[in-house]
Amino acid sequence: MVLAALVLAGGLRRIPLAALAALVLVVGVQMVSYAHIRRIHRHREFPVYLVTVLGVVGLGVPLGVTLGGTVAGLLALHRLTRARVDVTAEPDGSHRVRTHGPLTFAAVPRLSRTLGRIPPGAAVTVHHDGSFLDHAAYEALHTWRAMYQAAGGRVAMVTDQHGRDAALDPDGTMEPDPAAGTRQFRAWTPWMGHHSIEQDGGDAHGRLLDGVRGFQEHTAPLVRQELARLAREGQTPSQLFLTCADSRMVTSMITSSGPGDLFTVRNVGNLVPAPHEPGAADDSVAAAVQYAVEVLEVGSITVCGHSGCGAMKALLDGIHEQPGTPTPLVRWLRNGRGSLARSKRAPASFTDRTAADPVEELCITNVVQQLDQLLANPAVERRVAAGTLRLVGMYFDFATAQAYVLDNSTGRFARVSAEHCGEPLQQRTPVTA
0 MVLAALVLAG
10 GLRRIPLAAL
20 AALVLVVGVQ
30 MVSYAHIRRI
40 HRHREFPVYL
50 VTVLGVVGLG
60 VPLGVTLGGT
70 VAGLLALHRL
80 TRARVDVTAE
90 PDGSHRVRTH
100 GPLTFAAVPR
110 LSRTLGRIPP
120 GAAVTVHHDG
130 SFLDHAAYEA
140 LHTWRAMYQA
150 AGGRVAMVTD
160 QHGRDAALDP
170 DGTMEPDPAA
180 GTRQFRAWTP
190 WMGHHSIEQD
200 GGDAHGRLLD
210 GVRGFQEHTA
220 PLVRQELARL
230 AREGQTPSQL
240 FLTCADSRMV
250 TSMITSSGPG
260 DLFTVRNVGN
270 LVPAPHEPGA
280 ADDSVAAAVQ
290 YAVEVLEVGS
300 ITVCGHSGCG
310 AMKALLDGIH
320 EQPGTPTPLV
330 RWLRNGRGSL
340 ARSKRAPASF
350 TDRTAADPVE
360 ELCITNVVQQ
370 LDQLLANPAV
380 ERRVAAGTLR
390 LVGMYFDFAT
400 AQAYVLDNST
410 GRFARVSAEH
420 CGEPLQQRTP
430 VTA
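Each residue of the sequence shown is one higher than the one before, starting from 0 at the first, in the working numbering.
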């Protein structure tokens, strides 16, 4: 710039000011982040943004910034007068936190003091009324939640959107229930919902990398501190979660769990091979179970089946009885023969409905059978006998997004609902069949 001013001044004078203004305008437009504008709009700060931009364009930078700051101050003063935080202790020992009015930085001390009075180890639901929530209040809420859950408590955070409860989006915005309108909770929508096939050329690897980029941009800043702690201290999960490899099963979503919570084992059909099963046993599952039980010392093992399981359908179709040299899939599915026999002899059932079809009947019976087969693992048998390990059966129905847990008192699968918040899952006492 100094060289141009000293040497090229004569030539620069010949450039029309309109051309220089056009250049500055194009550069300025390219610097605008539309993602940032959308984020500001969702946080209800767009009026300040718009007034500032129009003021800068119409009146100049000093007056425009002053005007925007004045509008921001007036809005903040208006919002500061309306915030209230109430805590209610429920009969079951859980606590419900309700906010009334906008939560801004000025409400953070009051919010922190109120949350700090909640006894540790409880199940807490933070219910935001849908009013304004600025970044300072959001960070205070989520910092408290991380510390509270690290101490053994459980926290659910929801917001009211037109009479419907919806989860707080990981990037700090409030998203309504997808069933209530066209907007979706992007963190749990498929890649297909984020970008069309034409945009990435139908490249599955491209969609994977796009998902990783989205994680790095939006989610990584929120979990980096917790992951760094886990990297230093190692994993100490309290649960072993054994489920199917089905791509629709998102274990962290249906259990509201995070890094370090679940030691997860996934395979086709959520099977636990029995060592006495001829030609079908597999040591990988047994090894994972032994590691979880003896090294990690988990307190419970959950076997979770799901609706529409392809492995169960294949068993019903008799794939394990095909003649000729068995394929790896056929050999693996032979581990489900016990479930198939049990379903014909004494199928499992639900408490409030009947199974939709033979496939669903086999899916839930398979969960019960795999719990029994878990006891064939000596490490599991010892811990269960000592009373330090619980076995839990679970089933997830995709069509209704409904989870069911095996009720030990009735031997049937019962719905898991909001009324069960804070209640421990009942342990299955397997009986070898």
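Beta carbons: idealized from backbone N, C-alpha and C, even for Gly.
Here the structure is a predicted model, which means the values were calculated and not measured.
Per DSSP, reduced to three states, the secondary structure at Cys243 is strand.
With respect to the 7 Å criterion, Asp396 and Ser306 are classified as neighbours on the basis of their beta carbons. In this chain, the alpha helix (DSSP H) harbouring His134 covers 134 to 149. Taking the Cα positions, Tyr48 is about 7 Å away from Gly67. By the criterion of a C-beta distance shorter than 6 Å, Ala273 is surrounded in its chain by Gln372, Ala375, once the five residues flanking it on both sides are discounted. In this structure, the alpha-carbon of Ala150 lies about 45 Å from that of Ala340. Its Cα nearest to that of Asn365, the residue Gly309 stands out among Gly309, Arg352, Val96.
Ser299 sits in a strand when the DSSP states are folded into three classes. Setting aside the 5 residues that flank it on each side, Val1 has no residue in the same chain whose C-beta is closer than 8 Å to its C-beta. Taken in chain order, the unbroken stretches of alpha helix (DSSP H) that lie wholly in the region 34 to 100 and span 4 residues or more are 45 to 58, 60 to 79. Around the Cβ of Ser283, a 10 Å sphere holds fewer than 16 other Cβ atoms; the residue is exposed. The Cβ-Cβ distance between Ala136 and Val96 does not fall below 7 Å. The residue among Pro119, Gly337, Gln234 with its C-alpha nearest the C-alpha of Leu295 is Gln234. Straight through space, the alpha carbons of Gly259 and Ala219 are spaced by roughly 15 Å. Minimum Cα-Cα distance from Lys312 among the listed residues Ser342, Leu229, Val264 corresponds to Ser342. With contacts defined as CB atoms closer than 7 Å, Met156 and Cys303 fail to qualify as a contacting pair. If you look at Met252, you'll find it in the alpha helix (DSSP H) that goes 250 to 254. Between Asn266 and the set Ser256, Met248, Ile253, Met252, the nearest pair of CA atoms involves Met248.
As the crow flies, the alpha-carbon of Leu405 is around 20 Å from that of Val264. DSSP places Ala17 in the uninterrupted alpha helix (DSSP H) bounded by 16 to 30. Residue environment: Ala347 is assigned as buried (16 or more neighbouring CB atoms within 10 Å of its CB, all protein chains considered).
With three or more CB-CB distances shorter than 8 Å, the region 357 to 364 counts as touching the region 314 to 328. With 16 or more other Cβ atoms from the protein chains shown falling within 10 Å of its own Cβ, Asp133 counts as buried. For Met0, the three-state secondary structure derived from DSSP is coil.
One Cα belongs to Cys243, the other to Thr250, and the distance between them is close to 10 Å.
Ser408 counts as exposed, since fewer than 16 other C-beta atoms from the protein chains shown sit within 10 angstroms of its C-beta.
Cβ neighbours of Gly100 within its own chain (closer than 7 Å, five residues either side excluded): Arg81, Ala82, Arg83, Ser130.
Residue state for Leu5 is assigned as helix, using DSSP reduced to three classes.
Spanning the alpha carbons of Pro377 and His319 requires a straight line of approximately 28 Å.
Annotation for Phe214: no residue places its beta carbon closer than 6 Å to its own, counting only its chain and skipping 5 residues before and after. Closest by C-alpha distance to Arg116, out of Ala88, Phe349, His141, His126, is Ala88. By the CB criterion at 7 Å, Thr350 and Arg411 fall inside the cutoff.
Setting aside the 5 residues that flank it on each side, Val125 is surrounded in the same chain by Val96, Met156, each with a C-beta closer than 6 Å to its C-beta; the list follows chain order. Each residue's CA atom was taken as its position, placing Val50 and Gly63 some 8 Å apart.
Contact between Val288 and Val222 is ruled out by a C-beta separation of about 28 Å, above the 8 Å threshold.
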